[in-house]
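K.L.:
I have a structure here, written as structure tokens, and I will follow up with some questions on it.
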Amino acid sequence: MKIKSVYKPASLEDAYQELLKSSKHVLMAGGAWLRLSNRTVEKAIDLGCLDLAFINDTAEAVEIGSMTTLKAVEDSEIVSGLYDGILPAALSQIVGIGLRNVVTIGGNVVARHGFSDIITPLLAMNAQLKFYDKGLLSLHEYLETRGKTTDILEKIIIAKVPSRGYFKKVRKTALDFAVINVAVTKTEAGFNISVGSRPSVGMLCETAMALLNKASNIDENLVDKAARCAADSLKFSDNHRGSGDYRRTLTEVYVKRGLLQLLDLEEKA
Amino acid sequence: MKITLNINNRDYETEVKPGEYLTDTLRRLHQVSVRRGCDTSSCGVCTVLIEGKPVPSCAFLSYRAEGKRITTVEGIPDEASELSRYFGGEGADQCGFCNPGIALSVYALKQAQGPYTEANIRHVLTGHLCRCSGYHAQVEAVKRYLEANHE
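Protein chains in written order, with our numbering: chain A, 1 to 269; chain B, 270 to 420.
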């Protein structure tokens with residue numbers, strides 16, 4: 001990305017008004033992935049000066065500011081207490097500590113990168129996004145919207161509920177992007193299953209979730225059926241990391257393992 | 270943009286482009302231990318410390334470093350030199366291209382006072398690619414260096 005000028009806003013309102021002025025004005029979070037784009041921007045609006053790097057522990061939820069670095073989230077004991085710590089576990093597998101000291105959680109979520117190891121656990125954790133203009137939106141709803149986001153993500157909100165979680169990232173080498181990543185969570189409301197790096201962006205497996213959440217008794221046969229359903233209901237594609245068929249096979253295996261782990265069931269040999 | 274960078278406790282006034290990354294700026298300011306590697310923040314050779322935290326300078330915009338404390342290997346000559354002796358002793362050194370980045374990450378771990386477990390050393394070294402010597406000897410060298418310098 002070629003940046004012609006940088007604007008340091010005094011407030012969120014200031015940043016928002018500047019963003020609305022031109023389609024060539026863009027918001028800048030951590031700035032680590034600017035090399036991924038060839039476009040030229042007139043003005044990069046730097047969110048780094050707006051006090052959006054925080055982790056707040058309230059009675060009902062944990063709020064993570066959009067400019068909080070991945071490393072800060074990874075090291076947070078508050079976040080580790082949610083869903084068996086699947087979010088810090090997912091973050092700790094992203095490249096090295098150095099990059100995680102630069103990349104921000106909000107920048108990654110808003111960009112809807114297909115390779116994101118952050119979106120997948122957040123989806124399964126029912127994360128809510130608080131935008132400056134549009135207000136609250138679930139991450140699931142946000143990912144279903146298309147096109148450029150002309151709004152500023154303020155924070156990510158994760159409700160504090162009794163929960164368990166499972167996360168698996170499959171990769172070819174230690175520092176590579178995922179071939180597939182899978183998150184499974186369980187709360188009193190039921191199971192959530194999300195799969196990312198398909199290679200498109202993470203998505204909830206709603207049919208498999210419905211199958212599980214409507215059942216009065218979940219045994220291994222139903223787990224098998226739900227895992228197959230998750231693999232069959234999602235769209236997978238080929239890229240240089242793996243074929244769509246390979247991804248589908250991996251999804252079935254890891255969704256099953258995740259469900260068995262959360263149900264405290266043993267996998268049959 | 271005209272900015273002032275504090276590098277190894279010395280202020281440098283310099284002109285940077287808005288989208289310029291710190292690797293380019295630091296090399297222009299003769300901090301040649303900061304090397305250009307993958308330029309995609311994956312290999313760790315361009316690592317510097319910003320406020321004591323390791324960051325890949327190829328992914329850190331220069332103007333954002335204004336007002337922050339930047340440390341390169343030129344700023345920790347004694348520590349880097351001592352660590353290199355441990356690298357030599359363990360056969361963890363060959364071309365040395367990755368060493369400055371590793372030295373700074375190890376220095377940050379030492380400043381943070383650990384933990385100096387093997388698991389944590391491996392965790393800290395993840396993201397530093399070495400194509401010569403493999404990683405086991407480096408882990409051993411860092412472990413011995415930290416054990417010897419533990420206060």
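Think of the CB as a built atom: it goes at the ideal place given N, C-alpha and C, for glycine as much as any other residue.
1) Please say whether residue 94 (chain A) and residue 78 (chain A) have beta carbons closer to each other than 7 Å?
2) Smallest Cα separation from residue 424 (chain B): which of B:337, B:270, B:350, B:271?
3) Do residue 250 (chain A) and residue 276 (chain A) come within 7 Å of each other at the CB atom, strictly closer than that value?
4) Does any CB atom of chain B fall closer than 7 Å to the CB of residue 95 (chain A)?
5) Is the shortest distance between the beta-carbon of residue 5 (chain A) and the beta-carbons of chain B less than 7 Å?
6) Residues of chain B with CB under 9 Å from residue 270 (chain A), in chain order?
7) Exposed or buried, which one is residue 129 (chain A) when buried takes at least 16 other CB atoms within 10 Å?
8) Determine the chain A residues that contact residue 384 (chain B) at a beta-carbon separation under 7 Å, and present them in chain order.
9) Could you check the C-alpha separation between residue 186 (chain A) and residue 402 (chain B) for me, to the nearest Å?
10) Using only the alpha-carbon positions, how far apart do residue 333 (chain A) and residue 236 (chain A) sit?
11) When you compare each of B:396, B:332, B:376 to residue 288 (chain B) by their alpha carbons, which one comes out closest?
12) Alpha carbon to alpha carbon, how far is residue 84 (chain A) from residue 121 (chain A)? Give it in angstroms, no decimals.
13) For the beta strand (DSSP E) holding residue 281 (chain B), just list the boundary residues, first then last.
14) So which of A:172, A:166, A:159 has the shortest CA-CA distance to residue 274 (chain A)?
15) If you measure beta-carbon to beta-carbon, which residues of the segment 320 to 334 of chain B are closer than 8 Å to chain A?
16) Is the segment 392 to 399 of chain B touching the segment 92 to 111 of chain A in the sense that three or more CB pairs, one from each, lie closer than 8 Å?
17) Just to make sure I have the definition right: I need the residues of chain E whose C-beta is within less than 7 Å of the C-beta of residue 44 (chain A). Which are they?
18) Can you give, in chain order, each stretch of the alpha helix (DSSP H) that sits fully within the segment 311 to 360 of chain B and has at least 4 residues?
19) Determine whether the Cβ of residue 27 (chain A) lies closer than 7 Å to any Cβ atom of chain B.
20) With a threshold of 7 Å between beta-carbons, can residue 396 (chain B) be considered close to chain A, or not?
21) Quick check on residue 136 (chain A): buried or exposed, where buried means 16 or more other Cβ atoms within 10 Å of its Cβ?
22) Can you list the beta strand (DSSP E) stretches of 3 or more residues lying completely in the segment 96 to 177 of chain A, in chain order?
23) Whose CA, out of B:320, B:355, B:377, B:378, lies closest to the CA of residue 413 (chain B)?
24) Specify, as a first and last residue, the run of the alpha helix (DSSP H) that residue 273 (chain B) falls within.
25) Out of A:20, A:22, A:27, which has the shortest C-alpha to C-alpha gap to residue 6 (chain A)?
26) Residue 36 (chain A) to residue 377 (chain B), Cα distance in whole Å?
27) Does any residue of chain A bring its CB to less than 7 Å from the CB of residue 402 (chain B)?
28) Per DSSP, residue 44 (chain A) forms a beta bridge with which residues?
29) Within 10 angstroms of its Cβ, does residue 9 (chain A) collect 16 or more other Cβ (buried), or is it exposed?
30) Against residue 309 (chain B), what residues of chain A qualify as contacts under a CB-to-CB distance less than 8 Å, listed in chain order?
31) Taking 7 Å as the CB-CB cut-off, is residue 316 (chain B) touching chain A?
32) Just to confirm, does residue 267 (chain A) get its C-beta within under 6 Å of one of the non-hydrogen atoms of the ligand SAH?
33) Threshold first: 4 residues or longer. Then list the alpha helix (DSSP H) segments lying entirely within the segment 52 to 86 of chain A, N to C.
34) Do residue 175 (chain A) and residue 311 (chain B) have their CB atoms nearer than 7 Å?
35) Work out the CA separation of residue 33 (chain A) and residue 296 (chain B) for me, nearest whole Å.
36) Quick check on the burial criterion: 16 or more other C-beta atoms within 10 angstroms. Buried or exposed for residue 362 (chain B)?
P.N.:
Answer, in terms of the structure:
1) Here the question's residue 78 (chain A) lines up with position 78 in the first sequence. Here the question's residue 94 (chain A) lines up with position 94 in the first sequence. No; because the gap between Cβ atoms is not below 7 Å, this pair is not in contact.
2) Beyond the ends of chain B as shown, which are 270 and 420, falls residue 424 (chain B); an answer cannot be given.
3) The first residue shown for chain A is 1 and the last is 269, placing residue 276 (chain A) beyond what the model contains.
4) Here residue 95 (chain A) corresponds to residue number 95 of the first sequence, with the count starting at 1. At least one chain B Cβ lies under 7 Å of residue 95 (chain A).
5) On the first sequence, residue 5 (chain A) is found 5 positions in, with the first residue counted as 1. Yes, its Cβ sits closer than 7 Å to a Cβ of chain B.
6) Past the boundaries of the shown model lies residue 270 (chain A); chain A is included only from 1 to 269, so the question cannot be answered.
7) Translated into the one-based positions of the first sequence, residue 129 (chain A) becomes position 129. Answer is buried; the Cβ neighbour count reaches 16.
8) Position 115 of the second sequence, counting from 1, holds the residue named residue 384 (chain B). Going along chain A, no residue has its Cβ under 7 Å from residue 384 (chain B), so there is no contact; the nearest lies around 13 Å.
9) Counting from one through the first sequence, the residue named residue 186 (chain A) turns up at place 186. Counting from one through the second sequence, the residue named residue 402 (chain B) turns up at place 133. Taking the Cα positions, residue 186 (chain A) is about 44 Å away from residue 402 (chain B).
10) Any answer about residue 333 (chain A) is impossible in this case: the structure gives chain A only from 1 up to 269.
11) To locate residue 288 (chain B), count along the second sequence from 1; it is residue 19. With distances taken between Cα atoms, residue 288 (chain B) lies closest to B:332.
12) To locate residue 121 (chain A), count along the first sequence from 1; it is residue 121. To locate residue 84 (chain A), count along the first sequence from 1; it is residue 84. One C-alpha to the other measures close to 11 Å.
13) One-based indexing of the second sequence puts residue 281 (chain B) at position 12. Element bounds for residue 281 (chain B): 279 to 284.
14) Because chain A is modelled from 1 through 269, residue 274 (chain A) falls outside the range shown and cannot be assessed.
15) Taking 8 Å as the cut-off between beta carbons, the residues of the segment 320 to 334 of chain B near chain A are 322, 323, 324, 325, 328, 329, 330, 332, 333, in sequence order.
16) yes
17) Absent from the structure: chain E. Protein chains present are A and B.
18) Fully enclosed alpha helix (DSSP H) runs of 4 or longer: 346 to 358.
19) Here the question's residue 27 (chain A) lines up with position 27 in the first sequence. It does not; no Cβ of chain B falls within 7 Å.
20) Along the second sequence, read from residue 1 onward, the residue named residue 396 (chain B) stands at position 127. At least one chain A Cβ lies under 7 Å of residue 396 (chain B).
21) Counting from 1 along the first sequence, the entry for residue 136 (chain A) is found at position 136. It counts as exposed.
22) 128 to 131, 135 to 138, 153 to 159, 164 to 170
23) Translated into the one-based positions of the second sequence, residue 413 (chain B) becomes position 144. With distances taken between Cα atoms, residue 413 (chain B) lies closest to B:355.
24) Along the second sequence, read from residue 1 onward, the residue named residue 273 (chain B) stands at position 4. Careful: residue 273 (chain B) lies outside any alpha helix (DSSP H), inside the beta strand (DSSP E) at 271 to 276.
25) As a position in the first sequence, residue 6 (chain A) is number 6, starting the count at 1. The shortest C-alpha separation from residue 6 (chain A) is found at A:27.
26) Here residue 36 (chain A) refers to the residue found at position 36 of the first sequence. Here residue 377 (chain B) refers to the residue found at position 108 of the second sequence. Computed Cα separation, rounded: 29 Å.
27) What you label residue 402 (chain B) is simply residue 133 of the second sequence in a count that begins at 1. Chain A contact via Cβ: absent.
28) Working through the first sequence from its first residue, we reach residue 44 (chain A) at position 44. BP columns for residue 44 (chain A) point to A:6, A:26.
29) Sequence index remark: in the first sequence, residue 9 (chain A) carries index 9 (1-based). Buried is the call here.
30) For the purposes of this step, residue 309 (chain B) is identified with residue 40 of the second sequence, where counting begins at 1. Within chain A, the residues near residue 309 (chain B) are 35.
31) As a working note, residue 316 (chain B) is residue 47 in the second sequence. Answer yes: the Cβ-Cβ gap between residue 316 (chain B) and chain A drops below 7 Å somewhere.
32) Judged by which ligands are present, the structure shown has none, so any question about the ligand SAH falls away.
33) 70 to 74, 77 to 80
34) Stepping through the first sequence from its first residue, residue 175 (chain A) is reached at position 175. Stepping through the second sequence from its first residue, residue 311 (chain B) is reached at position 42. For residue 175 (chain A) and residue 311 (chain B), yes; Cβs fall inside 7 Å.
35) Taking the second sequence and counting its residues from 1, the one referred to as residue 296 (chain B) is at position 27. Taking the first sequence and counting its residues from 1, the one referred to as residue 33 (chain A) is at position 33. Distance between the alpha carbons of residue 296 (chain B) and residue 33 (chain A): 21 Å.
36) Translated into positions along the second sequence, residue 362 (chain B) becomes position 93. Label assigned to residue 362 (chain B): buried.
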